[in-house]
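The structure appears right after this line, and notes come after that.
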Amino acid sequence: MTDSSPTPDPSARAQRLRTQIRQHNYRYYILDDPAITDAEYDALMVALRELESEHPELVTPDSPTQRVGAPPDDGFAKVTHETPMLSLDNAFDADDVRAWGERIHRRLAPDHDLEAAPLAYVAEPKVDGLAVALVYQNGRLTRAATRGNGRVGEDVTSNVRALRSIPLVLPADPAALPPEITLPERLEVRGEIYFPLSDFEAMNARLEEEGKSTYVHPRNAAAGGLRQLDPAITAERPLRLFAYAVPEPAALGVTTQSGLLDALRALGLQTNPHSRRFTDLEALIAFAEGWLGRRDELDYLADGVVIKVDSLRWQNELGAVSHHPRWAVALKAPAEETTTTVERIEVRVGRTGRLVPHATLAPAQIRGVTISQATLHNEDYVVERDIREGDTVLIKRAGDVIPQVVRVLPDLRPEGTTPWTMPAICPACGEPAERAEEESDTYCVNASCPAQLQRHLEHFVARGAMDIDGLGIKLVTLFIGEGLIQGVADLFRLKPEDLEGREGFGEKRIANLMAAIDAARDRPLGRLLVGLGIRHVGGTVAGLLARRFHSIDLLAEADEEALAEVDGVGPEIASSVVAWFELPRNRSLVEELRELGVRLADPEPETRAPDDDGPQPLADKRIVLTGTLPTLTRSEARALIEQAGGKVVGSVSKKTDYLLAGENAGSKLAKAEELEVEVVDEAWLRGVVGG
DNA sequence: GATCCTCGAGTTCG
DNA sequence: CTCGAGGATC
């Protein structure tokens, strides 16, 4: 065996074994050049384990034997990502990529001579796996979290620690680390965890042999593996990671995406071996399209090719919109399509009264998932494609998720079909339906339409609105069916006696439900406004209105002009709000809710006038943010500014009052100086807002 | 008037 | 996730 000369000192011997094992992991996973057989590797592990069990005091938390720790006891803790994990903008063909290239050139051109220093890009196949964020503190893996919704993910540290392909310690091989790369105290690495296809097939073959059920999709198997409550099971799945991003790359001493990938590799993390740098976008497109056609040569599922601007400085200047960076785009592989037949087209009624045509399909498989329904959106969608009952249609899963009818195959149309038409009446209540001239949607305008009422109640109790725990679609349906409730106000009139003696309603459940309804009386105004279902008023707009008006009475009195003064509210939303409060039935609903003890106002700080948010030192000031601030994130700075009455705008112009600049400020700083805009820093902001 | 971005609403399957 | 449409900005 490799460790053939045991030293008398167990501590030194343990050290040596650990180093050997780490090096073999590194060779196996990163260099793809194993120096020993699996059996030899296992023997090293056995030796280390024996040594550690004889000398428990020698066990260190980062020892390879400690990968599988205690299973988490209940579920997974939530982790908030300090820098949100954004998704990628999609391109569906080469022209979309060209348009993206032109957009970023247009954005950078005013401030830079792009002729002299052409943009470079980095492209690599896009792995269809699970995005994760790994945190290394002083080189030790201390936390691993899933992407989740981008802002909050799940803590899967103990599971990720169980994966041999992910180093517990960085650098994995100090000798291979070039001197110019510095390991910061805290390093967050982002990447994609995936199930290699060869291993996936082997696992399925084994499961089948054992008579167990197999996995349909490698991503599900990888996700299932990561979310095992028992990390020992995770350890059996040979999941791998491609690292591709670091939220704060400056700390690593790199200036480009390609340099970042080199650094990650030098630290011992695997990166996509097919990553390539281009200065010619056309050459890159050829490369990307090449991979789209040869996806099956890869040992992982790829759903496209990721393209990024190479320069981190330019990435920084391009910035991001709310859910994707401007400096990257994913050229998506065409979604897998298949054919099926339309069994029926029916029309459903949404809570707004919108009539939505819907196709029931003969069940069809796409990538192992059975599709049996698809939305047809609106009248135009069906009529333009001339989709009829009985038709054979091409379907796909848009974004690999939402079933979509792409087009009809007219040659396969049976005899005797008739074109589909939007019904003139609401299928639920039979009242006439209306479609405004310039709109694509048809509405049932009957305010007492039972379908709308049902949807409305479901919405009222849902998360995001009044959030009544334990009250969902099922109970709403039951309560309406039994005549217990006819509108949202009736929810607050429910008494325990109404439910007693019903099947499934024990004492405990009734008490819980009553408590949940009671708790809903005290929701913030914004949530109540969401629940009321005013057209164009969702979570965001409701929050804006609540912040400005504080109470439903003041909101009800506001005219269109006053409403449109709120940033984010224009004429459409304003008129929709006014129209809602003009209806007598809505006014009386508000009165009923008031009598039933539902809170209709947000508490105001004592010293405040109704339309004052406290001191407004930055009232009407327009401020641009640039660079990295010492302690505040961009969104925190934005929140502070807005709280003080200021407005954060995207680009420097004559109308800008201040430029709030941090480190690595780029063109905005130059522009501000040119336009003689006052440049300020974080300390100034804290001073002004009294922070 | 064009362009970019954000928001609301409805959406499927496991 | 996708669609359509509203709003901000230049």
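For the first sequence, counting from 1, position 248 maps to 252 in my numbering; every step adds exactly one.
Ideal placement from N, C-alpha and C gives every residue a C-beta, glycine not left out.
Here the structure is a predicted model, which is why all the values come from computation and not from measurement.
In terms of Cβ geometry, Val313 and Ala334 do not form a close pair [threshold 8 Å]. By the neighbour-count criterion, in which 16 or more other beta carbons inside 10 Å mark a residue as buried, Leu629 falls on the buried side. Residue range Arg280 to Phe282 is occupied by the beta strand (DSSP E) that includes Phe282. If you look at His460, you'll find it in the alpha helix (DSSP H) that goes Pro454 to Val465. Judged by DSSP in its simplified three-state form, Phe246 adopts strand.
With respect to Leu296, Ala337 sits close: the two C-beta atoms are nearer than 8 Å.
In the three-state reduction of the DSSP assignment, Pro338 falls in the coil class, being assigned neither a helical nor a strand state.
With fewer than 16 other Cβ atoms inside 10 Å of its own Cβ, Leu416 counts as exposed. Met470 and Ala520 have their C-alpha atoms some 10 Å from each other. Of the candidates Gly272, Val164, Gly508 and Arg358, Val164 places its Cα closest to the Cα of Ala236. Fewer than three Cβ pairs drawn from the segment 139-158 and the segment 353-364 lie within less than 8 Å of each other, which leaves the two stretches out of contact. When DSSP states are grouped into helix, strand and coil, Asp159 belongs to the strand group. Between His554 and the set Ala605, Leu413 and Thr342, the nearest pair of CA atoms involves Ala605. With distances taken between CA atoms, Ser57 lies nearest to Pro14 out of Pro14, Asp303, Tyr45 and Ser202.
In the same chain as Leu600, and ignoring 5 residues on each side of it, the C-beta atoms closer than 8 Å to its own belong to Ala493, Phe496, Arg497 and Arg525, in chain order.
Residue burial annotation: Gln490 is exposed, with fewer than 16 other C-beta atoms found within 10 angstroms of its C-beta. Phe80 is positioned such that its CB atom lies closer than 8 Å to that of Glu158.
Sequence-distant Cβ neighbours of Ile375 in its own chain, meaning closer than 6 Å and more than five residues away, are Ala368 and Pro407. In the three-state reduction of the DSSP assignment, His28 falls in the helix class, which pools H, G and I. In the structure shown, Tyr385 adopts helical secondary structure according to DSSP, grouped into three states. Looking at the backbone, the Cα of Ala578 and that of Leu567 are separated by about 5 Å.
Between the segment 196-210 and the segment 128-135, the count of C-beta pairs closer than 8 Å reaches three or more; the two stretches touch.
By the beta-carbon neighbour count (other beta carbons within 10 angstroms, threshold 16), Lys512 is exposed. Tyr125 is bridged by DSSP to Phe282 and Val313.
Residue burial is scored here from C-beta neighbours: Ile477 has fewer than 16 other C-beta atoms within 10 angstroms and is therefore classed as exposed.
At a Cβ-Cβ threshold of 8 Å, Asp203 and Asp307 do not count as neighbours.
For Ile627, the enclosing beta strand (DSSP E) starts and ends at Arg626 to Thr630.
Glu680 and Val534 have their C-alpha atoms spaced approximately 44 Å apart. Measuring C-alpha to C-alpha distances from Glu564 to each of Leu558, Arg551, Gly572 and Val581 identifies Val581 as the nearest.
By the Cβ-count criterion, His59 is exposed, with fewer than 16 other Cβ atoms from all chains shown falling within 10 Å of its own Cβ.
Between the C-alpha atoms of Glu212 and Thr218 there is a straight-line separation of about 6 Å. Counted as a single uninterrupted DSSP element, the alpha helix (DSSP H) harbouring Ile577 occupies residues Pro575 to Glu586.
Check the Cα spacing between Arg411 and each of Val139, Val250, Gly323 and Thr343: the tightest is with Thr343.
DSSP places Leu600 in the coil class of the three-state scheme, outside both helix and strand.
The Cβ-Cβ distance between Arg392 and Thr421 falls below 8 Å. For Gly195, no alpha helix (DSSP H) encloses it; the enclosing beta strand (DSSP E) starts and ends at Arg190 to Tyr198.
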